[in-house]
Each structure stands twice: as structure tokens, then as C-alpha cells.
Amino acid sequence: MINKSVLFLGLILMLSCKSHDVSKSKSATQKQLTLSGGKAIVIAHRGTPGYLPEHTIEGYTNAIKMGADFIEPDLVMTKDGFLVVRHEPMLSGTTNVSEIPGFASKKTTKNIDGKDISDWFVSDFTLAEIKQLRAKQAFVERLQEFNNQYFIPTFDEVIALAKQKSKELGRTIGIYPETKHPSFHEAQNLHITDKLLEQLTAAGWNNSDAPVYVQSFEVSNLQYIREKSTVKTIQLLSCYDVALNGDLIFTVPKGELISDGMPYDWYLKGDKRDFGFFRTAAGLDFVKTYASGIGPWKTFIISYKGTDVNKDGKADDINDDGKVDDADKIALQPTNLIDEAHKRGLQVHAYTFRNESRRLLRNYNDNPILEYQAFYKLGIDGVFTDFTDTAIKARNRSF
1 MINKSVLFLG LILMLSCKSH DVSKSKSATQ KQLTLSGGKA IVIAHRGTPG YLPEHTIEGY
61 TNAIKMGADF IEPDLVMTKD GFLVVRHEPM LSGTTNVSEI PGFASKKTTK NIDGKDISDW
121 FVSDFTLAEI KQLRAKQAFV ERLQEFNNQY FIPTFDEVIA LAKQKSKELG RTIGIYPETK
181 HPSFHEAQNL HITDKLLEQL TAAGWNNSDA PVYVQSFEVS NLQYIREKST VKTIQLLSCY
241 DVALNGDLIF TVPKGELISD GMPYDWYLKG DKRDFGFFRT AAGLDFVKTY ASGIGPWKTF
301 IISYKGTDVN KDGKADDIND DGKVDDADKI ALQPTNLIDE AHKRGLQVHA YTFRNESRRL
361 LRNYNDNPIL EYQAFYKLGI DGVFTDFTDT AIKARNRSF
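Every letter in the sequence shown is one number past the one before it in the UniProt record's numbering, and letter 22, counting from 1, is 22.
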């Protein structure tokens with residue numbers, strides 16, 4: 001015979017679980033609408049770097065074939081004033097520059113957003129010199145067989161590709177450029193934001209109806225764009241790290257990139273606010289004055305926690321593979337950031353979705369589709385992905 005006290009305890013547990021489910025149902029289990037009411041957009045982050053070297057015409061073409069709605073070129077500037085497409089002002093991580101003897105003397109040390117970096121910098125090269133380089137895969141665990149084959153494209157070439165493929169396929173392919181380290185460029189008298197607007201104007205895309213979003217981790221250049229243009233803009237959000245309990249860490253150790261925790265232009269002005277400010281009502285209201293939405297690291301929406309059985313203050317290697325990574329972490333309940341942004345008419349485009357096991361939280365069971373679906377259910381308006389085909393597959397199952 002079942003003990004009455006046990007039965008009563010079971011009833012309490014059942015009711016408490018039911019109450020808990022109801023409290024999270026809106027954000028975790030009930031499918032939410034995007035701000036537009038349509039499907040979330042898929043943004044080909046750097047092209048298709050899951051398969052090909054990033055920021056190449058070949059990578060963008062591959063993403064378009066897979067169904068990308070937007071292709072994302074990160075923009076940096078040559079010393080003779082051309083916008084070229086690289087993830088950072090440095091070249092060694094994504095090109096063969098170190099293998100070219102004639103460029104050996106160009107290696108130098110510059111300070112980017114508070115961090116001294118020794119490398120080859122785009123701003124010390126002419127466009128003609130950049131065109132002598134070839135792209136390589138930035139992630140060592142990904143395919144290396146296409147290294148040293150593809151040119152470094154200009155922004156104009158990416159625009160031309162988007163227009164050409166839109167015409168060929170009968171659907172609009174948008175572009176989603178990011179101005180990389182605007183303050184760094186301006187300090188070298190390289191006016192990256194003005195050049196961006198100039199080229200958008202030449203393309204007929206410097207307006208709110210254009211298939212364009214301009215993104216930045218800095219604030220001032222987005223405000224400048226809003227003064228000069230109606231093109232859509234996105235305020236990017238970052239944090240330096242995630243604490244064991246899932247709290248976002250915005251304090252950056254000395255000597256690291258200050259822009260990992262706060263807008264660097266704010267730092268230069270003495271403004272102490274970090275990217276955490278943009279999670280608040282006041283922060284979102286502020287963004288609304290100059291941008292079309294926010295582009296947060298996905299942990300702003302679904303963070304994660306580690307397990308610390310040995311109480312050493314560090315996350316444990318739960319899967320015993322010899323290293324601690326995302327596969328050892330557990331997803332937390334979603335925040336209300338998407339809902340709060342939508343209340344203000346702001347879109348939310350989260351970054352970066354990747355397929356590798358070590359970049360997927362334990363909750364997703366080594367299945368990247370489950371991660372996309374978790375965000376699609378929350379009403380995310382767009383996803384930045386290294387694997388466009390996976391994002392499209394997950395979207396087809398979610399909408």
C-alpha cells in the first residue's frame with residue numbers, strides 16, 4: 001500500500017512542476033512570432049566558413065546556393081581607401097600573407113581596441129597588394145583543402161554578386177556588412193563609415209527599402225549613419241565571457257580587447273557603460289533612437305552554466321573528452337530580451353550558430369538543428385550561421 005505522505009509529496013511535486021512549466025511556456029515551449037510575423041532570416045556569416053575559407057566569393061556563392069537570405073561581409077580598409085572583406089584588420093589568420101617573402105617587412109604591431117597585436121594589417125596594404133593574397137580556413141578543425149585558392153574580395157564585388165544572384169535566382173539576396181573597428185580606422189584617417197555609405201549610394205542601396213543591414217559593435221558610427229541615411233542598422237552586443245553560473249561577464253582583463261565588453265568608442269569618450277546596458281529597458285529605448293535592432297551573442301538570449309562537482313570554481317569536463325567546452329555546459333532558461341526588443345519594434349539577429357559538437361550545449365544532444373529550433377521558437381528574427389544549409393533545414397522544420 002502506498003504511504004499517504006509519499007502520495008502527498010508526489011502531488012506537491014506534480015503541481016510544482018506544472019506551475020514551473022506554465023511560467024516558462026511563453027519563452028521556452030510556445031512558438032513565438034518574429035517581429036515581422038514571417039520567417040526568421042538566415043544570414044550567411046562570413047559566407048560558408050563551415051565548408052570553405054571565409055569571406056570569399058566562392059563562400060558567398062555557396063551560401064546563396066544553400067538558400068541564404070543575406071550574405072555578411074565584414075569590412076576593413078586598405079591604405080589607398082578601398083573596402084575589402086576580412087573579419088579583422090589583421091591578415092595572418094585568414095590569408096597566406098606570412099608565406100609571401102615580399103610582405104615580410106610589413107609585419108608590425110598596432111593597438112586595436114586596447115590590445116597590442118603583432119601581425120600584417122590591411123591598412124598597410126594597397127588593394128593591388130591585397131589581391132596578391134589568397135584566403136585560408138581560419139578554423140584548424142575544418143577543411144583545409146581549399147586554402148590558398150581564393151582571392152580576397154572587395155565590398156563592391158560582394159554587392160555585385162548579391163545583385164547578380166538575385167537576378168539569376170529570382171529572389172532577393174541581401175547584404176549585411178559590418179564596419180570592423182571603426183575607431184581604429186578613423187585614427188588612421190581611414191573613413192570607413194563614409195566609404196560604406198558612398199558605395200551603398202553607388203549601388204542604389206543607401207535607403208531603408210534596400211536589402212541591407214549595417215552592423216557595428218560601436219555606437220557612434222551607427223548614430224552617424226542614422227544622421228546621414230535611412231539604411232537599416234543593427235547594434236551588435238558582446239560580452240567577454242560567461243561565468244560558471246551563466247552570468248555574462250563584461251569586465252575585460254587588461255591587455256585584452258576592450259571591445260569584447262563595451263563599445264570601444266564609449267571607452268574612448270570615458271563612458272563606463274558596457275554591453276550589459278543594452279539588456280535594460282533604458283538600453284533598448286536608446287538603441288531605438290538610432291538602430292533597427294540588436295545583434296546579440298546568442299548567450300544574451302540563452303546562456304549556459306557549467307557543472308563544478310569538485311568545487312574548484314571551474315566547469316568540469318562532463319563528457320570526459322579531455323577538454324572543457326560548450327558540450328560540457330547546460331542551457332539556462334531563455335531571457336526576455338527578444339520580447340522586450342520586439343515591444344520596442346526592434347529586430348533581434350543572434351550570432352553565431354555552428355555545427356561542431358564542441359560548440360553545442362549538452363541540451364542539444366550533438367544536434368545543431370535543436371539549437372536553431374530553440375531560438376526560432378523564441379521568435380528570433382534572424383540567425384548568423386557558419387552553416388547556412390543547417391539553418392535553412394531547421395527553419396523549414398520550424399515555420
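Where a beta carbon is used, it is the ideal one built from N, C-alpha and C, also for glycine.
Everything numeric in this text was worked out from a predicted model, so none of it was measured.
Restricted to the segment 224-296, the alpha helix (DSSP H) segments that are unbroken, complete and at least 4 residues in length are 264-269, 281-288, listed in chain order.
For the pair T34 and G379, the CB atoms are nearer than the 8 Å cut-off. Under the 10 Å beta carbon count, E141 is surrounded by fewer than 16 other beta carbons and is classified as exposed.
DSSP places L196 in the uninterrupted alpha helix (DSSP H) bounded by 192-202. The DSSP-derived three-state label of L75 is strand.
Per DSSP, the continuous alpha helix (DSSP H) segment holding I369 begins and ends at 368-377. Look at K110 here: in three-state DSSP terms it is strand. Here R171 is exposed, its C-beta having fewer than 16 other C-beta atoms within 10 Å. In the three-state DSSP reduction, E178 falls in the strand class (E or B). Here the alpha carbons of G102 and H342 stand approximately 52 Å from one another.
No Cβ-Cβ contact shorter than 8 Å links H181 with I258.
In the three-state DSSP reduction, G382 falls in the strand class (E or B). By a beta-carbon distance limit of 8 Å, D325 contacts R358. Their separation comes to about 4 Å. By the criterion of at least three beta-carbon pairs nearer than 8 Å, the segment 268-284 is not in contact with the segment 125-139. The alpha carbon of E256 has as its nearest neighbour, out of L284, I117, G174, the alpha carbon of I117. Proximity to N365 across I330, L346, Q347 peaks at I330, based on C-alpha coordinates.
Here the C-alpha atom of A44 lies approximately 20 Å from the C-alpha atom of S36. Residue state for S166 is assigned as helix, using DSSP reduced to three classes. For M90, DSSP records a beta bridge to F121. Nearest in C-alpha terms to I302, of all of D265, Y351, K288, S166, is Y351. Spatial neighbours of Y176 in its own chain (CB-CB distance under 6 Å, excluding positions within 5 residues in sequence) are listed in chain order as I43, F70, E72, Y213.
Secondary structure note for L127: its alpha helix (DSSP H) is the uninterrupted segment 127-130. In this structure, N96 and K136 form a Cβ contact; the two beta carbons are roughly 6 Å apart against a cut-off of 8 Å.
By the 16-neighbour rule on beta-carbons within 10 angstroms, N206 is buried. Straight across, the Cα-Cα distance linking V122 with K115 is about 17 Å. Contact between the segment 213-233 and the segment 244-253 is not established, with fewer than three Cβ pairs separated by less than 8 Å.
Non-local C-beta neighbours of R344 in its own chain, meaning closer than 6 Å and more than five positions away in sequence, comprise L284, K288, ordered along the chain.
Straight through space, the alpha carbons of T193 and W297 are spaced by roughly 23 Å. Annotation: L35 is outside any alpha helix (DSSP H) and is labelled neither H nor E by DSSP. Boundaries of the beta strand (DSSP E) around L83: 83-85. Scanning its chain for C-beta atoms nearer than 8 Å, with the 5 sequence neighbours on each side dropped, one finds around N367 the residues L360, in chain order. The C-beta distance from E186 to S216 rounds to 12 Å, too long to fall under 8 Å, and the pair is not in contact.
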